[in-house]
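Protein chains in written order, with numbering that gives the first Met the number 0: chain Y, 0 to 323; chain D, 0 to 323. Note that CB positions come from ideal geometry on N, CA and C, so glycine has one too. Right, one structure below, let's go through it.
2 protein chains.
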Amino acid sequence: MSNYFIGIDLGGTNIKAGVVSEKGKLIAKASVATGSTPSQIVQQMIQVAHQAAKDGNVGMHDIEAVGIASPGPLSTTEGIVLRSANLPDWHNVPLRDLVSQSLHRPAFLENDAKSAAYGEFTAGVGADENITNFILLTLGTGVGGGIIYHGRLIRGVSDSAAEIGHSIIEPNGDVCGCGQRGCLELYASASRTGRYAQHLLDTTPSRASSLRVLVAAGTRIGAREVAEHAQMGDELANEVWDRACRYLALACVNAARWLDPQMLALAGGMAGAGDFLLDRVKRHFINLNWKMSETQMQIVLATLGNDAGIIGAAALARDAAHQR
Amino acid sequence: MSNYFIGIDLGGTNIKAGVVSEKGKLIAKASVATGSTPSQIVQQMIQVAHQAAKDGNVGMHDIEAVGIASPGPLSTTEGIVLRSANLPDWHNVPLRDLVSQSLHRPAFLENDAKSAAYGEFTAGVGADENITNFILLTLGTGVGGGIIYHGRLIRGVSDSAAEIGHSIIEPNGDVCGCGQRGCLELYASASRTGRYAQHLLDTTPSRASSLRVLVAAGTRIGAREVAEHAQMGDELANEVWDRACRYLALACVNAARWLDPQMLALAGGMAGAGDFLLDRVKRHFINLNWKMSETQMQIVLATLGNDAGIIGAAALARDAAHQR
């Protein structure tokens, strides 16, 4: 019996693969810049998987199964990626079977944020065995989510559960690319945090801000710049950061109301700010949360960084392979 | 082996009990107006349980277990009701054991809305075996919720999951008794729908409305009056009804985003309006919902009416007794 698994994380910027042990330890990993066509991307996925196995001194015959983390929408039961926001010609791609056939190994497909959630749950910040109910929010270009209940990933009936970034938090708010108004990710993603700072700079030209030096130098304002300048005392940057943290705290309150988990972890670009994100979100949470009863949910930072998707996809492949 | 179960539903107005078969059929029921002290209420619960058994020609020795549906907050594992919104001297009442000792039968305690959800799921509108993921919203004095995932009730780690009425839908909205701002139940409960109509009547005295005749006659405006007058063409009543339905549709969108169930059912006072509620909620849902992918969730009316709590509590007692 082989004891290793490969997790492949298909991202908009990079494709990463890692060899992961039965217990969730990342043995070796490899990555490549994401190509443009589906067939090129599938080839790259195979290539980084082989590279990771080679780097880890693990033969492909020692790989029991392969997990693939991909942006959605997708079907886990059919193993098909239905569409891609970044790749216009990506329609109903049978990614699971393409990878499985090329690597001659059973493969499993899961949404990227759900994979990351399962990674953090099984091998990251939620790995404590007392944690059975867990939520991850990934704060990047959008806001992704993953929910674990009683140790199992909540997928929903059409693999659309835990789309927390598209929960509506401002009923009369901005229009989202998904067609709704007021989605959480319009207010709390890393990219939108940067954009909102740029918006304030543009619409209030008389307002002083240390961010203007960056703009003048041609730097694009992202969540990182906002956090840095807010920490250095810039008032405009602080206003932007605080607003994002307040919306995240609202999402945390709603997470506690809908699912009452033991832990909610924050990951992705925004989480790069560390305690400057966490402390602010927790402060707003205390103010916004009900006073009816003590809320047990801990709010924490994720710990696996960019490896969460690889590790989670491998763990899902392990569990799926062992269940069969 | 006995084959019957008793479900007791402790409500603010009435205490109801029913004898329920293994398959969820309600054999007989009894009810009494809810008393004021905890000890009186426990006595009443015992009394209506005996009455229901008597009316159903079922001896107490044929009752395998008793389920109790109670308003929260409560602890299902300890069988204790922590507090009651309606009963000031109700603190940490060990309701499960008090009932169990009096009836000499194993007893189980569950939140009232979760019990109703389980009732609708096992014996009501969600009883189809293809429905595995189900949500109930009870629209009464407040808004209660129950979530079933893969056939099991989601309780959360402190029995506070599915508090959908206290999910935040208007971040800068009204202050709720729970201490939060903008809770769903401030906008979509039966009682708040009536109150909002009264508010519009009071604050826009020059505006015509057929509801004014009722007010002049001393009738208190409730959700029922709002629905009736909206259906008769009253513009003010229609505005109030439409607003509540829109907020319910927002909750439906968020239900689909968080949990992606096959079915969401509406129950309680508001649901008394039948299709006039359902059609309006569905119309708003289509407008408010994302366009990313087809949402499979059906929105329906609950079918068990006031018996859902009894039947659900009995079903939970059955499942708990059989699991031990």
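Where the alpha helix (DSSP H) containing residue i begins and where it ends
i, result
"Gly17(D)", "Careful: Gly17(D) lies outside any alpha helix (DSSP H), inside the beta strand (DSSP E) at 13-20."
"Gly118(Y)", "111-122"
"Gly144(Y)", "Counting along the chain, Gly144(Y) falls outside any alpha helix (DSSP H), though it belongs to the beta strand (DSSP E) covering 142-148."
"Ile134(Y)", "Segment 133-138 is the beta strand (DSSP E) holding Ile134(Y); no alpha helix (DSSP H) there."
"Leu276(D)", "274-287"
"Ser38(Y)", "37-54"
"Gly308(Y)", "307-322"
"Gln197(D)", "189-202"
Whole-angstrom C-beta distance between residue j and residue i, which should lie under 8 Å
i, j, result
"Leu235(Y)", "Ser188(Y)", "The Cβ separation is near 19 Å, so there is no contact."
"Ile146(D)", "Asn253(Y)", "Rounded, the Cβ-Cβ distance is 13 Å, inconsistent with contact."
"Ala64(Y)", "Phe4(Y)", "6 Å"
"Gly71(D)", "Ala307(D)", "Between Ala307(D) and Gly71(D) the Cβ distance is about 17 Å, and since that is not below 8 Å, they are no contact."
"Gln43(Y)", "Ile14(Y)", "5 Å"
"Gly178(D)", "Met59(Y)", "About 57 Å; that fails the 8 Å criterion."
"Ile7(Y)", "Ala16(Y)", "5 Å"
"Asp111(Y)", "Ser69(Y)", "6 Å"
"Val47(Y)", "Ala29(Y)", "5 Å"
"Leu300(D)", "Leu277(D)", "5 Å"
"Ala327(Y)", "Leu258(D)", "Lying before the first or after the last residue shown, residue 327(Y) is absent from chain Y, which here runs from 0 to 323."
Assigned secondary structure, residue i (DSSP; H/G/I helix, E/B strand, else coil)
i, result
"Ala27(D)", "strand"
"Ser209(Y)", "coil"
"Val98(D)", "helix"
"Ile325(Y)", "Residue 325(Y) cannot be examined here, being either before or after the span of chain Y that is shown, 0 to 323."
"Cys251(Y)", "helix"
"Ala226(D)", "helix"
"Cys244(D)", "helix"
"Ala106(Y)", "strand"
"Arg180(D)", "strand"
"Ala270(Y)", "helix"
"Arg256(Y)", "helix"
"Ala84(D)", "coil"
"Ala236(D)", "helix"
"Ala32(D)", "strand"
"Leu73(Y)", "strand"
"Val57(D)", "coil"
8 Å CB neighbourhood of residue i in its chain, flanking five on each side removed
i, result
"Gln261(Y)", "Asn129, Ile130, Thr131, Asn132, Phe133, Gln295, Met296, Gln297"
"Ala106(D)", "Ala64, Val65, Gly66, Ile67, Gly78, Arg95, Asp96, Val98, Ser99, Ala316"
"Leu81(Y)", "Gly71, Pro72, Leu73, Ser74, His90, Asn91"
"Leu152(D)", "Glu109, Lys113, Ala116, Tyr117, Gly145, Ile146, Leu315"
"Leu210(D)", "Ala196, Leu200, Ile220, Glu224, Val225, His228, Asp233, Leu235, Ala236"
"Pro37(D)", "Leu86, Asp88, Trp89, Val92"
Own chain residues within Cβ distance below 7 Å of residue i, not counting five before or after
i, result
"Gly363(D)", "Since the displayed chain D opens at 0 and closes at 323, residue 363(D) lies outside it and no answer follows."
"Phe275(D)", "Ala226, Gln230"
"Leu199(D)", "Leu235, Val239"
"Leu249(Y)", "Ile168, Leu287"
"Pro356(D)", "With chain D covering 0 to 323 only, the question about residue 356(D) has no answer from this structure."
Span of the beta strand (DSSP E), counted from its first residue to its last, around residue i
i, result
"Glu63(Y)", "62-69"
"Met262(Y)", "262-266"
"Ile163(Y)", "It is not in any beta strand (DSSP E) - Ile163(Y) carries neither H nor E in the DSSP assignment."
"Val156(D)", "Note, Val156(D): premise wrong, no beta strand (DSSP E); not H, not E."
"Gln297(D)", "297-300"
"Leu6(Y)", "Sequence check: residue 6(Y) is Gly here, not Leu. Gly6(Y) -> beta strand (DSSP E) spans 3-9."
Close beta carbons around residue i, own chain, < 6 Å, minus the five adjacent residues each side
i, result
"Arg180(Y)", "Gly172, Val174"
"Tyr195(Y)", "Val239"
"Tyr148(D)", "Asn132"
"Ala243(D)", "Ala187, Thr192"
"Gly311(Y)", "Ser114, Ala115, Tyr117, Gly118"
"Ala319(D)", "Phe107"
"Ile45(Y)", "Ser101"
"Leu247(D)", "Ala187, Val280"
"Gly55(Y)", "Val18, Ile26, Ala27"
"Leu185(Y)", "Asp173, Cys175, Arg191"
"Gly150(D)", "Thr131"
Any non-hydrogen atom of the ligand ATP within 7 Å of residue i CB
i, result
"Ala272(D)", "The ligand ATP is not among the ligands present in this structure, which contains no ligands whatsoever."
Closer than 9 Å at the beta carbon, the chain A residues around residue i
i, result
"Pro70(D)", "Although the question refers to chain A, the structure presented lacks it and instead comprises the protein chains Y and D."
Output needed in chain order: residues of the region 174-201 of chain Y with a Cβ under 7 Å from some Cβ in chain D. If you check each beta-carbon in the region 174-201 of chain Y against every beta-carbon of chain D, the ones closer than 7 Å belong to Cys177, Gly178, Gln179.
Return the residues of the region 95-107 of chain D that lie within a Cβ-Cβ distance of less than 8 Å from chain Y, sorted by chain order. Cβ contacts with chain Y: none found.
Note down, in chain order, all residues in the region 151-165 of chain Y with a beta-carbon under 9 Å from any beta-carbon belonging to chain D. The region 151-165 of chain Y vs chain D, Cβ under 9 Å: Arg151, Ile153, Arg154, Gly155, Val156, Ser157, Asp158, Ser159, Ala160, Ala161, Glu162, Ile163, Gly164, His165.
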